[in-house]
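Numbering (the working numbering), first residue to last: 839 to 1366. Here's the structure we're looking at; comments come further down.
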């Protein structure tokens, strides 16, 4: 027993000595702090760094840190997001640390004075009550002839859904941070800065760890919606081209007097993009590259550059020795996916083949029409051989989804199966069964009949059926991908819609109710 008790006492002594050795001695706690010192915050994801702006006196080529170095994100610089419990309590996503540092004065200062300011020591502490704010460096005491301007900062970059919303004559530009977005959809790229209002930054979006849309670390081209907004004649939309570098002014939205929340953008550069390489239709070449990836997604990151002098970047090394890459870390890459359903991919492959009545009549007769249960048209070039419904049914069944499988377009406005009138022998007599709809149920309607991506839409006063793939900016027209549209498989515009349904096997999500916007002329030959 005595031996066990002795061992326990030894272990306790060793633990006490280890704890004592690992802590600072009283003298060490009073050691002065210099520029570049590491900072610890219980709510930060990693150690921060102290940047000195309060004086210009060096010791061993390092600036002394003083009580004047407590100007929020100017002096205390932390990467990552703020983990303070106030954000989830407000149902808010944790913001970047650098945008919410709000400090009290330093406490437990040293006794040495540098330019009328007490120095900081290792035991000095400062309290942060995080809130959205900005900061400027305090003036250096007694040094009128020297003006030290804090370096401007590029803090963070991220993607967000954007919405211009007007309620009761109040207009706001709203951003919702997102980690992924669909190909051909609009998205905002937001760059957060300090001290760069009115200046311009250049932005590139590059492929991350895998080659999908481009080689790794190579820029990808997308549509700048600023170029779209500059178009005054719809016929010129087709002339807008994608580019792989974008220039944006910091604080541009802060000068928009129509926005009630303009002040929140004074330190932000906001780039609005269409994640596509043409304005008027899905870039199917990109969609095929995403489909070929094992994860069915493209991982991208953002590279930001500014030509202003002494800009400091708070990202990670882009490969050039400058920490100007953002989202370039495992688990943080932005994801681009193709949100179109499998039947739309099949339809696009037929469009890519250039299917028309003149060139592919046999395909229309032998493939598309063969999906019909009873009435099988035998041609492809007359009104009695219309093939829009046959094309819809073929695209669905090619992917193991239920279909109406009837060549009548209006049939697709019903969720029950259509049975055409026909003569049958019943009890020795020939009788005619009327045209009717009955079980099985092959489809389900969208919520409230709303337009949805990939939904099967009956249009043109129930005389045509097509797949919804997009809408125009004003929301007055849907763009449908279908057959027998101008005697071909193509995308056309329609101003009126009778119904929208999905096959029963498909699980509808809220995301389906958001369609991308296509920018194209509404030609009279395509508007029905």
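In this text, a Cβ means the ideal position worked out from N, Cα and C, and glycines have one as well.
Contact between residue 927 and residue 1050 is ruled out by a C-beta separation of about 39 Å, above the 8 Å threshold.
Residue pairing by DSSP puts residue 1045 in a beta bridge opposite 1054, 1138. Separation of the CB atoms of residue 1280 and residue 1253 is rounded to 7 Å, and the pair is thereby assigned contact status at 8 Å.
Only residues of its own chain outside the window of five on either side were considered, and among them 1355, 1357 have a CB closer than 8 Å to the CB of residue 1311, listed in chain order. Judged by DSSP in its simplified three-state form, residue 970 adopts coil rather than helix or strand. As a beta-bridge residue in DSSP terms, residue 1061 pairs with 1112.
Residue state for residue 1208 is assigned as helix, using DSSP reduced to three classes.
Three or more Cβ pairs closer than 8 Å define a contact, and the stretch 1334 to 1354 meets that threshold against the stretch 1283 to 1302. Straight through space, the alpha carbons of residue 1317 and residue 1091 are spaced by roughly 31 Å. Fewer than three pairs of CB atoms, one per stretch, sit closer than 8 Å, so the stretch 1033 to 1043 makes no contact with the stretch 1121 to 1134. Spatial neighbours of residue 1117 in its own chain (CB-CB distance under 8 Å, excluding positions within 5 residues in sequence) are listed in chain order as 1061, 1066, 1075, 1076, 1078, 1356, 1357, 1358. Residue 968 and residue 933 have their C-alpha atoms some 10 Å from each other. Of the candidates 1348, 1241, 1261, the residue whose Cα lies closest to the Cα of residue 1305 is 1241.
Residue pairing by DSSP places residue 1014 opposite 999 in a beta bridge.
By the C-beta criterion, the stretch 1194 to 1211 is judged not to be in contact with the stretch 1158 to 1178, since fewer than 3 inter-stretch pairs fall below 8 Å. When DSSP states are grouped into helix, strand and coil, residue 1129 belongs to the helix group. According to the DSSP secondary-structure assignment, residue 1281 is paired through a beta bridge with 1341. At a Cβ-Cβ threshold of 8 Å, residue 1014 and residue 1098 do not count as neighbours. Beta-bridge annotation (DSSP): residue 1268 is paired with 1263.
Residue 902 sits in a strand when the DSSP states are folded into three classes.
Per DSSP, reduced to three states, the secondary structure at residue 872 is strand. 8 Å or more divides the Cβ of residue 1276 from the Cβ of residue 1195. Contact between residue 1057 and residue 1042 holds, with the beta-carbon distance rounding to 4 Å and staying under 8 Å. In this structure, the alpha-carbon of residue 1020 lies about 32 Å from that of residue 923.
Under the three-state reduction of DSSP output, residue 1072 falls in the helix class.
Assigned with DSSP and collapsed to three states, residue 923 falls in coil, not helix or strand. Residue 1172 carries a strand assignment under DSSP once its states are collapsed to helix, strand and coil. Rounded to the nearest angstrom, the gap between the Cα atoms of residue 943 and residue 912 is 14 Å. Less than 8 Å separates the beta-carbon of residue 1120 from that of residue 1307.
Each of 1193, 1270, 1322 was checked against the Cα of residue 1220, and the nearest Cα belongs to 1322.
With contacts defined by Cβ atoms closer than 8 Å, residue 1189 and residue 1328 form a contacting pair. For residue 1122, the three-state secondary structure derived from DSSP is helix. In the structure shown, residue 1228 falls within a helical segment according to DSSP collapsed to helix, strand and coil.
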